[in-house]
Amino acid sequence: MESIAPSKSLVERTYDALLDAICTGVFRPGERLGQDDIAERLNVSRQPVNSAITMLKSQRFVTDTGRRGVVVAPVDRELFEAIYQFRSVVEPLAAELATARMDAAAITRGREIVARGTRLMQAGDAKAVLKADIDFHSLIYELSGNPIIAETMRLNWLHLRRSMGEVLRFPGMTIQVWKEHKIIFEAMVAGDAAVAAAEMLSHIVQAPQRVIG
904 MESIAPSKSL VERTYDALLD AICTGVFRPG ERLGQDDIAE RLNVSRQPVN SAITMLKSQR
964 FVTDTGRRGV VVAPVDRELF EAIYQFRSVV EPLAAELATA RMDAAAITRG REIVARGTRL
1024 MQAGDAKAVL KADIDFHSLI YELSGNPIIA ETMRLNWLHL RRSMGEVLRF PGMTIQVWKE
1084 HKIIFEAMVA GDAAVAAAEM LSHIVQAPQR VIG
């Protein structure tokens, strides 16, 4: 993690830094989070660290373990299975709806994300690949034109980021993820909503197997 300078949103920035570290594997499941050490590494006081850890605890990213203090929570199989069950219904629908709303600008944006993600994957930049992955799915939510899909999925993104981070630690799986993204998006470009939805369903069904299979 990089040192961050004080600002008005110091607690939020500290929270973001810790969440990024958990999602990208800098802090691994079961690892103790020493507040003094984190404060020193981020160049902040203990107060924003305490507040950030409280937020992470409420969202099930960290947990109290008595004598060991606060540790990174293990990957929760039941939670991820529940999220992916939900995704298996919502994301094929989003792809289907988005297909009917494709235009030149959307095609350009989608292809740029796929190209960027593939390029970053080849460069081994896991954190940037993770952002591109999120950008890809978020674009489809946006293009679906259904604000409920985008709003509901936003509630799940914190834990989805962590699950994607697990996938992206395995290069072979990362390559497959971006092949699937390209197939999904090109089906949308071709106007084939049924194929786009089917490919999205396959993509989502396989995701939890890569993470916790």
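So the sequence shown is numbered by my numbering: it starts at 904 and just counts up by one. We put the CB at the ideal spot given by N, CA and C, even for glycine.
{"Asked": "Counting C-beta neighbours from all protein chains within 10 Å, is the total for V1108 16 or more, i.e. buried, or is it exposed?", "Found": "exposed"}
{"Asked": "Less than 7 Å between C-beta atoms, sequence neighbours within five positions excluded: which residues of the same chain meet that for A1003?", "Found": "A1096"}
{"Asked": "Reducing DSSP to helix, strand and coil, say where D967 ends up.", "Found": "strand"}
{"Asked": "Three Cβ pairs or more, each shorter than 8 Å: is that satisfied between the stretch 1057 to 1066 and the stretch 977 to 991?", "Found": "yes"}
{"Asked": "Considering V974, what are the terminal residues of the beta strand (DSSP E) in which it resides?", "Found": "V973 to V975"}
{"Asked": "For V993, count neighbouring Cβ atoms within 10 angstroms of its own Cβ and tell me buried if that reaches 16, exposed if not.", "Found": "buried"}
{"Asked": "In whole angstroms, give me the CA-to-CA distance for Q1112 and F989.", "Found": "15 Å"}
{"Asked": "Does R935 come out as helix, strand or coil in the three-state DSSP assignment?", "Found": "strand"}
{"Asked": "Between the C-alpha atoms of V896 and K1030, what's the straight-line distance to the nearest angstrom?", "Found": "A question about residue 896 goes unanswered here, because the residues of the chain that appear run from 904 up to 1116."}
{"Asked": "On a CA-only basis, which of N1059, E934 and Y987 is nearest S1105? Give me that one, please.", "Found": "Y987"}
{"Asked": "Quick check: C926 and L1058, are their CB atoms within less than 9 Å of each other?", "Found": "no"}
{"Asked": "Going by DSSP in three states, V1092 sits in which element: helix, strand or coil?", "Found": "helix"}
{"Asked": "Which runs of the beta strand (DSSP E) at least 3 residues long sit entirely within the stretch 951 to 1036? Give them in chain order.", "Found": "965 to 967 and 973 to 975"}
{"Asked": "Assuming contact is defined by CB atoms lying nearer than 9 Å, are L913 and L959 in contact in what I supplied?", "Found": "no"}
{"Asked": "Apart from the five residues just before and just after G933, which ones in its own chain have a Cβ nearer than 8 Å to its Cβ?", "Found": "V974, V975 and P977"}
{"Asked": "Please return the same chain residues whose Cβ sits closer than 8 Å to the Cβ of S910, not counting the five positions on each side in sequence.", "Found": "A caution first: S910 carries a pLDDT of 46, below 50, which makes its placement in the model unreliable, though a value can still be read off. Excluding positions up to five away in sequence, the list reads R916."}
{"Asked": "Whose C-alpha, out of L936, V1098, Y918 and F1088, is nearest the C-alpha of I1010?", "Found": "F1088"}
{"Asked": "Only counting the same chain, and skipping five residues up and downstream in sequence, which positions put a Cβ closer than 6 Å to that of E1083?", "Found": "H1106"}
{"Asked": "Nearest by alpha-carbon distance to A1100: which of D967, Q962, E1045 and A997 is it?", "Found": "A997"}
{"Asked": "Considering only C-alpha positions, which residue in the set M1024, L1046 and E1045 is nearest to R1036?", "Found": "First, the amino acid is wrong: residue 1036 is Asp here, not Arg. Closest option to D1036, Cα to Cα, is M1024."}
{"Asked": "Taking the C-alpha atoms as reference points, what is the distance between D919 and P1050?", "Found": "25 Å"}
{"Asked": "Check this for me: beta carbons of A1001 and I1043, under 9 Å apart or not?", "Found": "yes"}
{"Asked": "Quick check on DSSP: helix, strand or coil for V914?", "Found": "helix"}
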